[in-house]
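Under the numbering used here, the first residue of the sequence shown carries the number 2, and numbering increases by one thereafter. Virtual Cβ for every residue (Gly too), placed ideally from N, Cα, C.
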Amino acid sequence: AMEKIRAAGLLRTQGLIAGQWVDAYDGKTIEVQNPATGEVLASVSCMGSRETSDAIASAHSTFYSWSKLTANERSKALRKWYDLIIAHKEELALLMTLEQGKPMKEALGEVNYGASFIEYFAEEAKRIYGDIIPPTLSDRRLLVLKQPVGVVGAITPWNFPLAMITRKVGPALACGCTVVVKPSEFTPLTALAAADLALQAGIPAGALNVVMGNAPEIGDALLQSTQVRKITFTGSTAVGKKLMAGSADTVKKVSLELGGNAPCIVFDDADIDVAVKGSLAAKFRNSGQTCVCANRILVQEGIYEKFASAFIKAVQSLQVGNGLEESTSQGPLINEAAVQKVEKFINDATSKGANVMLGGKRHSLGMTFYEPTVVGNVSNDMLLFREEVFGPVAPLIPFKTEEEAIHLANDTNAGLAAYIFTRSIPRSWRVSESLEYGLVGVNEGIISTEVAPFGGVKQSGLGREGSKYGVDEYLELKYICMGNM
Ligand code: ADP
Numbered sequence: 002a003m004e005k006i007r008a009a010g011l012l013r014t015q016g017l018i019a020g021q022w023v024d025a026y027d028g029k030t031i032e033v034q035n036p037a038t039g040e041v042l043a044s045v046s047c048m049g050s051r052e053t054s055d056a057i058a059s060a061h062s063t064f065y066s067w068s069k070l071t072a073n074e075r076s077k078a079l080r081k082w083y084d085l086i087i088a089h090k091e092e093l094a095l096l097m098t099l100e101q102g103k104p105m106k107e108a109l110g111e112v113n114y115g116a117s118f119i120e121y122f123a124e125e126a127k128r129i130y131g132d133i134i135p136p137t138l139s140d141r142r143l144l145v146l147k148q149p150v151g152v153v154g155a156i157t158p159w160n161f162p163l164a165m166i167t168r169k170v171g172p173a174l175a176c177g178c179t180v181v182v183k184p185s186e187f188t189p190l191t192a193l194a195a196a197d198l199a200l201q202a203g204i205p206a207g208a209l210n211v212v213m214g215n216a217p218e219i220g221d222a223l224l225q226s227t228q229v230r231k232i233t234f235t236g237s238t239a240v241g242k243k244l245m246a247g248s249a250d251t252v253k254k255v256s257l258e259l260g261g262n263a264p265c266i267v268f269d270d271a272d273i274d275v276a277v278k279g280s281l282a283a284k285f286r287n288s289g290q291t292c293v294c295a296n297r298i299l300v301q302e303g304i305y306e307k308f309a310s311a312f313i314k315a316v317q318s319l320q321v322g323n324g325l326e327e328s329t330s331q332g333p334l335i336n337e338a339a340v341q342k343v344e345k346f347i348n349d350a351t352s353k354g355a356n357v358m359l360g361g362k363r364h365s366l367g368m369t370f371y372e373p374t375v376v377g378n379v380s381n382d383m384l385l386f387r388e389e390v391f392g393p394v395a396p397l398i399p400f401k402t403e404e405e406a407i408h409l410a411n412d413t414n415a416g417l418a419a420y421i422f423t424r425s426i427p428r429s430w431r432v433s434e435s436l437e438y439g440l441v442g443v444n445e446g447i448i449s450t451e452v453a454p455f456g457g458v459k460q461s462g463l464g465r466e467g468s469k470y471g472v473d474e475y476l477e478l479k480y481i482c483m484g485n486m
């Protein structure tokens, strides 16, 4: 399979600095493994602060030319990048499945989703309008310009190796910013392949740089630089907090997409088929490894037994296996630590009175495969309720009233996605408005799209990505007052 990637010219293992593919300056490399097999796919450059400083310098000098192009010129380059990603979608999806583990169908879905941000922001580039404000003195004219913030440091996770990059780089480049990307060390190959296509598309050398390796060192170099004006991050809440604190010293603009703890509330009046299908999709996408995955399935008493048995039946139909196989719907978890976290959460729950209704152990395939699991009678004193499990475990939590469901749903420091299933229109409004979350799916388990704002409240993050709102994160307002007219 790697031969196919190589043949397409998309196997890149070096960092990208100033348009050049470069080794780590000390020659160090790290291995990228296939989580389904343990096979080493490639060794990639393991970079640190020196390479990052050079990448920042390159982004900084390119900022002056890239930001001066017309919106139309930037738009055309982005559109070409989009076309090249789509033209190579099979290879990119294959690479993603190999290094991340998600089933090919999901990987293809991510390539389309990831590409959609480039297409969308290629269009949006041309629609970044300023304002003219009616003056308070008649001899004045008041204007507002929108200008790019400058060099952007983008740090991204492994669960969406392409989309988390394009969702940041798309709007950044569209606005005229230049970028230093640090992809996850677990999934750098997809990022590097995408960067290769960006160069081919005519995104100028230095506008998009990629460094990977020693995460804290690269992170610190980005934070300490006065030239980096913006940090955009998707990943764990713990690292997000560090980056936010570290941005204080140079007062950078910050956007954060952090962990969630998504409630999925199934009311007595739900259409049970819709609720089962929606919660299954919301829970088991990418084997439960997304920040919008349903983390707590709250089920109203009157429908609990019926929902549980229909849900378990649906979970039993999930096929665990290597993502390259056509029949697979559940790939492996990203690594051993991820499986150990799941085991810890299950032990904690069963020791406090929850019951495993399905699965609850490692899969017979070995490696980091885990059985799709349903746990009943989960309560708010358990880790499964309090934290993100990030694995294929669906905790069922019974509740009595709508008020109680809202209280349980909001009883967390996270606030990214929430889902509700009900046939009542007034209830869907009431509950949607009461949920302290950035996104709400009503009778729908998969809701992300490039045209809508994605982001969290509380400790799930700051700022929004995608949509017309997503460009604001990369822009500064400048007020110009023209006097004595
Ligand atoms: P996840 O649980 O999704 O792996 P992390 O927050 O650990 O979440 O990782 C998300 C991204 O943050 C990855 O690219 C990782 O390498 C990077 N990262 C981890 N620690 C740091 C750090 N101290 N500074 C900067 N980036 C970091």
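Residue i: CB within 7 Å of a non-hydrogen atom of ligand 1
| i | result |
| --- | --- |
| Glu186 | yes |
| Ile87 | no |
| Ile156 | yes |
| Ala216 | yes |
| Asn160 | yes |
| Ser248 | no |
| Gly220 | yes |
| Gly236 | yes |
| Leu366 | no |
| Leu334 | no |
| Val452 | no |
| Leu244 | yes |
| Val240 | yes |
| Lys183 | yes |
Span of the beta strand (DSSP E), counted from its first residue to its last, around residue i
| i | result |
| --- | --- |
| Tyr480 | 476–483 |
| Tyr420 | 418–422 |
| Trp22 | 21–23 |
| Leu96 | Note, Leu96: premise wrong, no beta strand (DSSP E); alpha helix (DSSP H) at 90–101. |
| Lys147 | 142–149 |
| Val452 | No beta strand (DSSP E) contains Val452, which DSSP labels as neither H nor E. |
| Gly16 | 16–18 |
| Leu42 | 41–46 |
| Gly490 | Lying outside 2 to 486, the shown extent of the chain, residue 490 is not represented and no answer is given. |
Assigned secondary structure, residue i (DSSP; H/G/I helix, E/B strand, else coil)
| i | result |
| --- | --- |
| Leu299 | strand |
| Asn356 | strand |
| Ala263 | strand |
| Ala116 | helix |
| Val458 | coil |
| Phe234 | strand |
| Ser68 | coil |
| Gly154 | strand |
| Leu138 | coil |
| Gln34 | strand |
| Ile86 | helix |
| Asp490 | With the chain covering 2 to 486 only, the question about residue 490 has no answer from this structure. |
| Ile57 | helix |
| Asp473 | helix |
| Leu463 | strand |
Extent of the continuous alpha helix (DSSP H) run through residue i
| i | result |
| --- | --- |
| Glu258 | Not the alpha helix (DSSP H): Glu258 falls in the beta strand (DSSP E), residues 254–258. |
| Thr251 | Unbroken run through Thr251: none, as it is neither H nor E. |
| Pro276 | It is worth fixing the name first, because residue 276 is Ala in this sequence and not Pro. 273–285 is the extent of the alpha helix (DSSP H) around Ala276. |
| Glu4 | 3–8 |
| Pro1 | The structure shown does not extend to residue 1, since the chain spans only 2 to 486, so no value can be given for it. |
is_contact[residue i, chain C] using C-beta, thresh 8 Å
| i | result |
| --- | --- |
| Met105 | Looking at the structure shown, chain C is missing, and only one protein chain is on hand. |
request  = Starting from the N-terminal side, write out each stretch of the alpha helix (DSSP H) that is 4 residues or longer and does not extend beyond the segment 161–221.
outcome  = 164–176, 189–201
message = To test your reading of the DSSP string, which unbroken alpha helix (DSSP H) runs of 4 or more residues are found completely within the segment 364–422?
response = 384–387, 403–411
Entirely enclosed beta strand (DSSP E) segments - the segment 291–350, minimum 3 residues = Entirely contained in the segment 291–350, the beta strand (DSSP E) runs reaching 3 residues are, in chain order, 295–301.
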